[in-house]
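K.L.:
If you use the UniProt record's numbering, the sequence shown closes out at 718, no skipped numbers anywhere. My questions will all concern the structure given below.
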Amino acid sequence: MSTDKSSSTQAIALWEELTGKSVNSSSYTFRVGSDNFDLYQANKRVKQAQAVGDDLTVTLVVKALAEQYALAESFTLADILAGNERLQARLELVGRMNALFALAATVARNEAFFHYCEGALAHYRDLTPQTLDEKSRQFVRESSCFVGLDAYHGVDRLTRLMICDGVVGGAAEAKVSRLVFAFESIEDLITHARRIPTGFSLCVILAPHVSDSYFVMVVNTGGRILVLTDKGNYTHPLQEQRMRGRNDRYNLNRIEGSHFPYDLLDIQWGDNGRHASAGEAGTALMSSDSGLRVLGTLADLKDWDLLWLHLFIDQCRDRYFDRGLAEPLLATGSMVRLPHMWVESSPQLPVPAEYELKLETRASVDLNTEFLHTIEPKWAETHNPNRWMEDRFAAMVPDECLYLPSEALNGETPILGHAGEERRELTRRNVDSLPFWEKEKLPQLHLQGLALTALSTPDRVIRDCHFLARYNQVQVIAQLVKEDFAARREVVQNWFYDAAARNLPHLIEDLLSLNHERFCIEFSDHQDSLRALGRAKPEGFMEQGLNSHRAISVRYVPVRKQHIPRRTDRSLSLAKALKLIDFTYGCYHCAVDRGQEAQLFFSLDVSSVFDLMRVTGLSFERIPPELRHLGISTYVGNSILSRLDPLSDLRNPWDKPQLSFVLPVSLQAFKEFRRRRGLSVPKAGELEAFANQQAEELRVKRKHQATDAASTVAGLEL
């Protein structure tokens, strides 16, 4: 590396004078003359060259960019004849740049680099530098500096791991395999790693879905074996699977940002990158002398890919042979040896690695929120609306459902069976031959094996194993919640109607007075409840982000037009809880005077937990846990993009418990009540419109009050 920075400093100063912008400027001009020029990307290249810290790199990059910039700027014949001042300044600037780039030392180093790149391309194609075609020579002159930047910075962008540690041999012994080996999985590559020659071997992992395939550079130092891959680590183990369910663009972005030769796979992209399919070239595999499958040879690569690979190998040679650097040990979920009733025990590890990945499995009752917060601390920052499910059902989850070796999932469908009154067990059966209506009756479980963990370090893989165990636990909990909802829905409905009936004496006067404001939600009275709900916002987003308005609805239905449920109908209602249904005469009795027939039906909104508290007169703590988030929308995040607790993303069937508040009252009792209190008494046919008008006037009034409150700052009205 050069210690004389004068030429690079001069080159950058001349570049900034040419473009009129600082390299570090945040303001860029993207149009030069009549053509477009991406100054942002150009300055990004200059800064990448500066990061290398070498004069040769900076001057080469600035020279190449200046030539591209010159092609974008033009002058007319009139400018030349008129002696345009800008033209004269440009000519003078170009003269100074040419003088800098023409220095003997600079030219010699540039030419040496060009010859080195030409020699590399010729070597892999069994040519001599003199017989290299003109197109490749021109490519080297125009683009080799940018290829070098990508190779230099490319190492840091890749996942770097070590299959096994050992003695590092000499760099002179390192050879570059000209074959691109193909494996079905990273486990296969690990198995055959020692059969790969000492030096550098480019490999590809061919996934069943072609766009999931990825490249791996294997560096065998003679004893220490390392891998560098562009696969990357997904945020959570299920992200790749869920993104694939949408389209293939997640892989398109990864592949387009990679410098590995994906052209060898011949991936065919359709529907604007949403769909990927394998071309003929990507499926034509050969066999090498060692018995390993081969996708192609390095000679098949395009100029850019081949030169990048060669310069990238130079970086790896410096890093792993000359400097002897090590990387974190590689781990996958398949390296975990777990006993399971569906898998035969074996003294051997599933993958021949240098060590066994130790995983301390936990029983379902111990795989709880408190433990998970110790390994996933970010989960403690968000509210989990389904915590009650864990408290109630975690102990019923069979431990065999949690940590599943991939071999345990053999194509049969896992089923949640019964092992007694309170105990459940994991079974499986083949359901392919069953019709869909029979399948839907079965308590099927969609479980995941541990092979979905990231290709990463042991710590990350252990976290992923617990994540997958939590996911499997949640699948069982979801089934238990579903069964509980079906079994206890009527019980909870009975609880609500009985509680509302007991509290009716405290509500009847406000109902008959059409006191709508009595049933509006004042959130200032529910701050403790909101904190218990994670400061969630009620559904129905309106003023100030909260919809607190409520209205009493009234319907007038003459007795002759009323329809009562059958005596055998098991549906529940407030009228049934109050025993106001006369099955003999087919009518409703009045809740105020049971001796009268009801013609009016007063309804209240019970769509949120705060409505339940108002109607039943109970505190938040006395509301059943499954109903405490009723009507409350708690945003927990995007389960595809973010690593969320699978329990928080579970749908709660109790969010739709089918509750209603409809109170039958006779028209006579309603009129007598209002006359005694000096309230207006609308006609029967006008009653519904009268109640709606009052509710609308209250809504407008509350809206104005909220607006006035918002316009007051620090006690001063604006």
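We treat Cβ as the ideally placed atom computed from N, Cα and C, and that holds for glycine.
By DSSP, does histidine 589 sit in helix, in strand, or in coil?
P.N.:
Numbered from 1 along the sequence shown, position 589 holds the residue referred to as residue 589. Histidine 589: strand per DSSP, three-state reduction.
K.L.:
With a floor of 4 residues, list each alpha helix (DSSP H) that falls wholly inside the stretch 237-314, ordered by position along the chain.
P.N.:
239-244 and 249-256
K.L.:
Are there 16 or more other CB atoms within 10 angstroms of the CB of lysine 703, so buried, or fewer, so exposed?
P.N.:
If you number the sequence shown from 1, residue 703 lands on position 703. So lysine 703 counts as exposed.
K.L.:
Would you mind stating whether tyrosine 262 and leucine 338 have Cβ atoms separated by less than 8 Å?
P.N.:
Translated into positions along the sequence shown, residue 262 becomes position 262. Translated into positions along the sequence shown, residue 338 becomes position 338. Going by C-beta atoms, tyrosine 262 is not nearer than 8 Å to leucine 338.
K.L.:
Let's test the definition: count the other Cβ atoms within 10 Å of the Cβ of residue 719 and tell me whether it reaches 16, buried, or not, exposed.
P.N.:
The requested residue 719 does not occur in the structure, where the chain is confined to residues 1 to 718.
K.L.:
Would the stretch 382-394 and the stretch 620-633 be scored as touching if the rule is three or more Cβ pairs under 8 Å?
P.N.:
The stretch 382-394, when compared against the stretch 620-633, does touch it at the 8 Å Cβ threshold.
K.L.:
Report the residue from Cys590, Thr332, Gly631 and Leu103 whose alpha carbon sits nearest the alpha carbon of serine 548.
P.N.:
Working through the sequence shown from its first residue, we reach residue 548 at position 548. Minimum Cα distance to serine 548 is reached at Gly631.
K.L.:
Is the beta carbon of residue 755 sitting closer than 8 Å to the one on glycine 170?
P.N.:
Outside the shown range of the chain (1 to 718) lies residue 755, about which nothing can therefore be said.
K.L.:
Leaving out the 5 sequence neighbours to the left and right, which residues in its chain are closer than 8 Å to alanine 395 when beta-carbon positions are compared?
P.N.:
As a first step, residue 395 must be located in the sequence shown, where it is residue number 395. Around alanine 395: Ser364 and Val365.
K.L.:
Could you spell out where the beta strand (DSSP E) holding leucine 202 opens and where it closes?
P.N.:
Within the sequence shown, numbered from 1, the residue matching residue 202 stands at position 202. 199-205 is the span of the beta strand (DSSP E), which, as asked, contains leucine 202.
K.L.:
By Cβ distance below 6 Å, which residues in the same chain neighbour residue 729 in space, the five residues on each side in sequence not counted?
P.N.:
What is shown of the chain runs 1 to 718, which leaves residue 729 out entirely.
K.L.:
Would you say the stretch 320-339 touches the stretch 450-469, given that touching needs at least three Cβ pairs under 8 Å?
P.N.:
Enough Cβ pairs lie closer than 8 Å, so yes.
K.L.:
Note down the Cα distance separating proline 558 from leucine 641, rounded to an integer number of angstroms.
P.N.:
In the sequence shown, the residue the question calls residue 558 occupies position 558. In the sequence shown, the residue the question calls residue 641 occupies position 641. Roughly 56 Å separates the two Cα atoms.
K.L.:
Could you tell me if phenylalanine 661 is buried or exposed, where buried requires 16 or more neighbouring beta carbons within 10 angstroms of its beta carbon?
P.N.:
Residue numbering aside, residue 661 sits at position 661 when the sequence shown is read from its first letter. Phenylalanine 661 is buried by the Cβ-count criterion.
K.L.:
For tyrosine 320 and glutamate 400, I'd like the C-alpha separation in whole angstroms.
P.N.:
The count along the sequence shown starts at 1 and reaches residue 320 at position 320. The count along the sequence shown starts at 1 and reaches residue 400 at position 400. Rounded to the nearest whole angstrom, the CA to CA distance from tyrosine 320 to glutamate 400 is 43 Å.
K.L.:
If we count Cβ pairs, one from each stretch, closer than 8 Å, do we get three or more for the stretch 415-435 versus the stretch 668-687?
P.N.:
no
K.L.:
Apply the 10 Å Cβ neighbour rule to lysine 656 and answer buried if 16 or more other Cβ atoms are within range, or exposed otherwise.
P.N.:
Residue numbering aside, residue 656 sits at position 656 when the sequence shown is read from its first letter. Classification for lysine 656: exposed.
K.L.:
Can you list the beta strand (DSSP E) stretches of 3 or more residues lying completely in the stretch 474-502, in chain order?
P.N.:
With a minimum length of 3 residues, no continuous beta strand (DSSP E) run stays inside the stretch 474-502.
K.L.:
Among Asp303, Val23 and Leu264, whose alpha-carbon lies nearest the alpha-carbon of alanine 120?
P.N.:
Here residue 120 refers to the residue found at position 120 when the sequence shown is read from its first residue. If we check each option's Cα against that of alanine 120, Asp303 comes out closest.
K.L.:
With distance defined between alpha-carbon atoms, name the residue in Asn43, Phe37, Met217 and Arg488 nearest to alanine 11.
P.N.:
Translated into positions along the sequence shown, residue 11 becomes position 11. Selected option, being the one with the closest Cα: Asn43.
K.L.:
Given a threshold of 16 other Cβ atoms within 10 Å of its Cβ, counted over all protein chains shown, does isoleucine 511 qualify as buried or as exposed?
P.N.:
By one-based count along the sequence shown, residue 511 stands at place 511. At residue 511 the sequence reads leucine, which differs from the isoleucine that was named. Leucine 511 is buried by the Cβ-count criterion.
K.L.:
Could you check if tryptophan 15 is buried or exposed, using at least 16 other CB atoms within 10 Å of its CB as the buried criterion?
P.N.:
As a first step, residue 15 must be located in the sequence shown, where it is residue number 15. Of the other Cβ atoms in all chains shown, 16 or more fall within 10 Å of the Cβ of tryptophan 15; this residue is therefore buried.
K.L.:
What do you get for tyrosine 585, buried or exposed, if any count of 16 or more other CB atoms within 10 angstroms of its CB means buried?
P.N.:
Locating residue 585 in the sequence shown gives position 585, where the first residue counts as 1. Per the 10 Å Cβ criterion, exposed.
K.L.:
Taking Cβ positions, are glycine 154 and histidine 310 nearer each other than 8 Å?
P.N.:
Along the sequence shown, one-based indexing puts residue 154 at 154. Along the sequence shown, one-based indexing puts residue 310 at 310. The Cβ atoms of glycine 154 and histidine 310 do not sit closer than 8 Å to each other.
K.L.:
DSSP three-state label for leucine 718, please.
P.N.:
Here the question's residue 718 lines up with position 718 in the sequence shown. Reliability fails at leucine 718, whose pLDDT of 34 lies under 50, so the model's placement of it is uncertain and the value that follows must be treated cautiously. Residue state, collapsed to three classes: coil.
K.L.:
Determine the extent of the alpha helix (DSSP H) in which isoleucine 190 is found, giving its start and end residues.
P.N.:
Against the sequence shown, residue 190 aligns to sequence position 190. Counting along the chain, the unbroken alpha helix (DSSP H) around isoleucine 190 starts and ends at 186-191.
K.L.:
Kindly indicate which three-state DSSP category phenylalanine 583 falls into: helix, strand or coil?
P.N.:
Counting from 1 along the sequence shown, the entry for residue 583 is found at position 583. Three-state result, phenylalanine 583: coil.
K.L.:
Is it buried or exposed, serine 144, if we count other Cβ atoms within 10 angstroms and call 16 or more buried?
P.N.:
Reading the sequence shown from its first residue, position 144 is the one you call residue 144. Serine 144 should be labelled buried.
K.L.:
Go ahead and pull the three-state DSSP assignment for serine 144.
P.N.:
Your numbering for residue 144 matches position 144 in the sequence shown. Helix.
K.L.:
With a cut-off of 8 Å on the beta carbons, I'd call serine 448 and leucine 480 a contact; round off their distance for me.
P.N.:
Position 448 of the sequence shown holds residue 448. Position 480 of the sequence shown holds residue 480. What sits at residue 448 in the sequence shown is glutamine, not serine. Incorrect: roughly 18 Å between the Cβ atoms, too far for contact.
K.L.:
Beta carbon of leucine 372, beta carbon of leucine 416: below 8 Å?
P.N.:
Within the sequence shown, the letter at position 372 stands for residue 372. Within the sequence shown, the letter at position 416 stands for residue 416. No, these two residues do not count as a Cβ contact at 8 Å.
K.L.:
Using a threshold of 8 Å, state whether the C-beta atoms of threonine 297 and leucine 179 are closer than that.
P.N.:
Along the sequence shown, read from residue 1 onward, the residue named residue 297 stands at position 297. Along the sequence shown, read from residue 1 onward, the residue named residue 179 stands at position 179. In this structure, leucine 179 lies closer than 8 Å to threonine 297 by Cβ.
K.L.:
When you compare only the Cα positions, how much space is there between tyrosine 40 and arginine 141?
P.N.:
Translated into the one-based positions of the sequence shown, residue 40 becomes position 40. Translated into the one-based positions of the sequence shown, residue 141 becomes position 141. Rounded to the nearest angstrom, the two C-alpha atoms are 22 Å apart.
K.L.:
Taking the straight line between their C-alpha atoms, what separation do you get for phenylalanine 181 and glycine 232?
P.N.:
Start at 1 with the first residue of the sequence shown, and residue 181 comes out as number 181. Start at 1 with the first residue of the sequence shown, and residue 232 comes out as number 232. If you take the alpha carbons of phenylalanine 181 and glycine 232, they lie about 20 Å apart.
K.L.:
How would you write the range of the beta strand (DSSP E) that residue 719 sits in, first residue to last?
P.N.:
In the structure displayed, the chain extends from 1 to 718; residue 719 sits before or after that span and is not available.
K.L.:
Give the DSSP-derived three-state secondary structure of lysine 175 in the structure shown.
P.N.:
Numbered from its first residue, the sequence shown carries residue 175 at position 175. Reduced to three states, the DSSP call for lysine 175 is strand.
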